[in-house]
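Here's the structure we're looking at; comments come further down.
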Amino acid sequence: MIPPAFDYAAPTSLPEALALLGQNPDAKVLAGGHSLIPAMKFRMATPALLVDINRIDGLAYLREDGGWLKIGAMTREADLDGSDLVRARYPLLADTARMIADPLVRNLATIGGNLAHADPANDHPATMLAYRAQIMALGPGGERVIPIGEFFTGPFTTALQPTEILTEIRIPARQPGDGGCYLKLERKVGDYATAAVAVQVNVDAAGVCTAAGVALTNLGLTPIQCGAAEAALKGRPLDDGAIKTAARLAGEAAEPIGDYRGSEDYKRSLVRTLTTRALRTALERAKA
Amino acid sequence: MSTHHIQLTVNGQVRAADVPARLLLVHLIRDNFDLTGTHIGCDTTSCGACTVLLNGKPVKACTVLAVQADGADVLTVEGLEQGGQLHPVQEGFTAKHGLQCGFCTPGMMLTAVALLRANPDPTEDEIRWGISGNLCRCTGYMNIVKAIQYAAEKLQVQEAQPA
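If you're matching them up, the sequences are chains G and X in order. With this note's numbering, you'll find the first sequence wraps up at 636, consecutive numbering, no jumps. With this note's numbering, you'll find the second sequence wraps up at 164, consecutive numbering, no jumps.
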């Protein structure tokens, strides 16, 4: 399959890229291309112009700075997966990067593209909801912060304007007592999730949960943040009872449709099981 | 549609081409450069038959635009043999019967080359994880793993006794 005809530009600076987006309403940003190029082959996306941002320096980085883990939008999944910093301090992110597609795809696929594409089956969206991340967007009027809770507005749709470029993702820097986990059931490597759950908790010295994020992948038209499950965890000891309640509420928050990956009931049941296991692992990691 | 003049190194040789924006890297390699060892399988980023090393990293060439490879270093299966000597990975696939129909083999071998560069002494699990983006429809994975283990040993011996 060959994509429909389009023009291509590879700017070497962000101002140049923004100018191209401003001048061409039918332009799309090309990051890792591992969602966009397949979508173009299938004629699900037909941009008139691709603005390839791979030749812009300084968009791939990972650093802790000012209370955040700052991740450049062009950071490849393989570099997240291979990062000692991520593995040691951000296990939820490490789990997620390792489960995305397959090792070859991860060599090119980017975290910024995964979020901006906003496929409800993509893995980073739920993880970023659980982390309470922020998205940095650069547009003609300058830079703005988009809280992750306001970022996903529909399937394949985000709060990004067509004239904006997602430049950075910010995750709150690890605090003592933080722990997280991403669990995904897939039929085979590279498949979308039958169901996946991202959890991020903070547990104090007395074992009380002081902060909780629970979010779901591929269980609705957008990634789903499970507010009721989070509320059931926060302020209580993170014990079996609390975990059971949160798992039940996460199952209720899911909006699955039955398909060849499983029935609606099966997927809800999976959410309960994965939430239970992810919270137990997150708790162990929080104590470590 | 825009056309672009690109120059890249393929198997150590500098090549140039004028390419339409929508030309895929796999078609550039196969059709423009006549290097047909790089296969097209699923054409949807699933199977890995089109795997080449792009700046040393295995990627699926059906999901990269040719123009994106401007200035890059590309290694295809044709570049593995050096001076009439099979690469140890190629030798391993021969010795351990690592192929049946052979369709996945070029991609499988390039992924193995990159894997062994990054991790010269992988465990069986690490090999299986490393090739999890390459599908063998003959399901000959047992012997593919053995072939890569053979290559790992051979490369380590070569490393220990420089010529």
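Yeah, the Cβ is synthetic: ideal placement off N, Cα and C, and Gly gets one too.
| said: Short of 6 Å in beta carbon distance, which residues of its chain neighbour Pro439(G), apart from the five on each side in sequence? Order them along the chain. | reply: Contacts found: Gly528 and Arg633.
For His6(X), the first and last residue of its enclosing beta strand (DSSP E) = Unbroken beta strand (DSSP E) run through His6(X): Thr4 to Val11.
Open item on the list: So that I know if they touch, is there some Cβ in chain X lying closer than 8 Å to that of Phe504(G)?
Closed with: Chain X, which has no Cβ nearer than 8 Å to the Cβ of Phe504(G), makes this no.
Residues of its chain near Tyr151(X), where Cβ-Cβ distance is below 8 Å and the 5 sequence neighbours each way are ignored: Answer for Tyr151(X): Pro89, Glu92, Gly93, Ala96 and Lys97, listed in chain order.
Interface residues of chain A facing Leu533(G) [CB-CB closer than 7 Å]:
Considering every chain present, this structure includes no chain A. Its protein chains are G and X.
*asked:* Using 8 Å as the cut-off, can you tell me whether the stretch 34–50 of chain X makes contact with the stretch 134–144 of chain X, which would need three or more C-beta pairs spanning the two stretches below that distance?
replied: In the pairwise beta carbon analysis, the stretch 34–50 of chain X is classified as touching the stretch 134–144 of chain X: at least three pairs are separated by under 8 Å.
Problem - Integer Cβ distance of Leu66(X) from Ala22(X), believed to fall under 8 Å - result: Going by Cβ atoms, the distance from Leu66(X) to Ala22(X) rounds to 7 Å, so yes, they are a contact pair.
Exercise. Between Ile494(G) and Met484(G), what straight-line distance do the alpha-carbon atoms span, to the nearest angstrom?
Worked result: Cα to Cα, the separation comes out at about 6 Å.
Practice task
Name the one or two DSSP bridge partners that Thr505(G) has.
Solution key: The partner list for Thr505(G) (beta bridge, DSSP) reads Gly502(G).
* To do: Have a look at Thr623(G), Pro604(G), Ala546(G) and Leu514(G) and flag the residue whose alpha-carbon is nearest the alpha-carbon of Asn462(G).
  => The shortest CA-to-CA distance from Asn462(G) to any of Thr623(G), Pro604(G), Ala546(G) and Leu514(G) is the one to Leu514(G).
message: For Ile496(G), tell me which candidate among Val551(G), Thr506(G) and Leu622(G) has the shortest Cα-Cα distance.
response: Scanning Val551(G), Thr506(G) and Leu622(G) for the CA closest to the CA of Ile496(G) turns up Thr506(G).
Let me check understanding here. Comparing Cα to Cα, which of Ile350(G), Pro571(G) and Val537(G) lies closest to Phe500(G)? Among Ile350(G), Pro571(G) and Val537(G), the Cα nearest to that of Phe500(G) belongs to Pro571(G).
What separation, rounded to the nearest whole angstrom, lies between the Cα atoms of Leu428(G) and Ile448(G)? Our two residues, Leu428(G) and Ile448(G), have alpha carbons roughly 11 Å apart in a direct line.
Next on the checklist: By alpha-carbon positions, which one of Glu154(X), Asp122(X), Arg16(X) and Thr112(X) ends up nearest to Lys1(X)?
Outcome noted: Any question about residue 1(X) goes unanswered here, given that chain X covers just 2 to 164.
Nearest-angstrom Cα distance between Ala119(X) and Ser431(G)?
Distance between the alpha carbons of Ala119(X) and Ser431(G) is about 14 Å.
Next on the checklist: Mapping the DSSP letters down to three states, classify Gly49(X) as helix, strand or coil.
Outcome noted: In the structure shown, Gly49(X) adopts coil according to DSSP, grouped into three states.
Taking C-beta pairs closer than 7 Å, name the residues in chain G that Pro59(X) reaches, listed in chain order.
-> Contact of Pro59(X) with chain G by beta-carbon distance below 7 Å involves Leu452 and Asn455.
query = Using a Cβ-Cβ cut-off of 8 Å (strictly less than) and excluding sequence neighbours within five positions of Ala469(G), which residues of its own chain qualify?
reply = Result list for Ala469(G): Tyr540, Ala541, Thr565 and Asn566, in chain order.
For this session: Just list the beta strand (DSSP E) runs in the stretch 547–616 of chain G, keeping only unbroken ones of 3 residues or longer that don't cross its boundaries, in chain order.
Result: With a minimum length of 3 residues, the continuous beta strand (DSSP E) runs that stay inside the stretch 547–616 of chain G are 557–565.
(Q) Which residue marks the beginning of the alpha helix (DSSP H) containing Ala96(X), and which one marks its end? (A) Residues Pro89 to Ala96.
* To do: Report yes if the CB atom of Ala474(G) is closer than 8 Å to the CB atom of Ala546(G), and no otherwise.
  => Cβ atoms of Ala474(G) and Ala546(G): closer than 8 Å.
>> So, with DSSP's three-state summary, where would you put Ile494(G)?
In response: Residue state, collapsed to three classes: strand.
Can you find the residues in the same chain that come closer than 6 Å, C-beta to C-beta, to Gly141(X), ignoring five residues on each side of it along the sequence? Counting only Cβ-Cβ distances below 6 Å, and skipping sequence neighbours, we find Gln101.
request  = Taking a Cβ distance cut-off of 8 Å, strictly less, list which residues of the stretch 395–418 of chain G are near chain X, in chain order.
outcome  = Residues Leu398, Asp400 and Asn402.
Can you check whether the CB of Arg480(G) is closer than 8 Å to the CB of Leu456(G)?
-> Not closer than 8 Å, so no.
Worksheet entry | Residues of the stretch 17–29 of chain X with Cβ closer than 9 Å to any Cβ of chain G, in chain order | The stretch 17–29 of chain X vs chain G, Cβ under 9 Å: Pro21, Ala22, Arg23, Leu24, Leu25 and His28.
- Using a beta-carbon distance cut-off of less than 8 Å, what residues from the stretch 104–120 of chain X approach chain G? Those residues of the stretch 104–120 of chain X that come within reach of chain G (Cβ to Cβ, closer than 8 Å) are Thr112.
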